[in-house]
Amino acid sequence: MAWFLALASGKLVFGLVFYTLFFSSARDYLAVRIPKIGPHGPEVAKKWLRLAGGTFLGAILTLLATKFTDWIGQLLKH
Numbered sequence: 835m836a837w838f839l840a841l842a843s844g845k846l847v848f849g850l851v852f853y854t855l856f857f858s859s860a861r862d863y864l865a866v867r868i869p870k871i872g873p874h875g876p877e878v879a880k881k882w883l884r885l886a887g888g889t890f891l892g893a894i895l896t897l898l899a900t901k902f903t904d905w906i907g908q909l910l911k912h
């Protein structure tokens with residue numbers, strides 16, 4: 835029963851944050867810039883490394899979040 839309450843609480847918080855941001859005014863936000871990477875040049879390696887590092891960091895953080903939620907789930911079972 836505790837896991838159900840934890841899930842419901844998490845969904846409530848997620849919903850409150852998401853819908854508050856979803857219906858807020860977007861006039862103050864700038865357009866998302868996607869970096870352009872050309873085939874040559876000295877800055878290309880830095881850009882590729884930055885993108886690869888961001889991807890790798892995202893994967894590591896996703897793995898850590900998964901392990902953390904599994905750990906929380908095990909704590910709630912006992």
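When the letters of the sequence shown are read in order and numbered with this note's numbering, they come out as residues 835 to 912. Ideal placement from N, C-alpha and C gives every residue a C-beta, glycine not left out.
Residue i vs residue j beta-carbon contact at 9 Å
i, j, result
"leucine 898", "tryptophan 837", "no"
"alanine 840", "isoleucine 894", "no"
Residues of its chain near residue i, where Cβ-Cβ distance is below 8 Å and the 5 sequence neighbours each way are ignored
i, result
"valine 866", "none"
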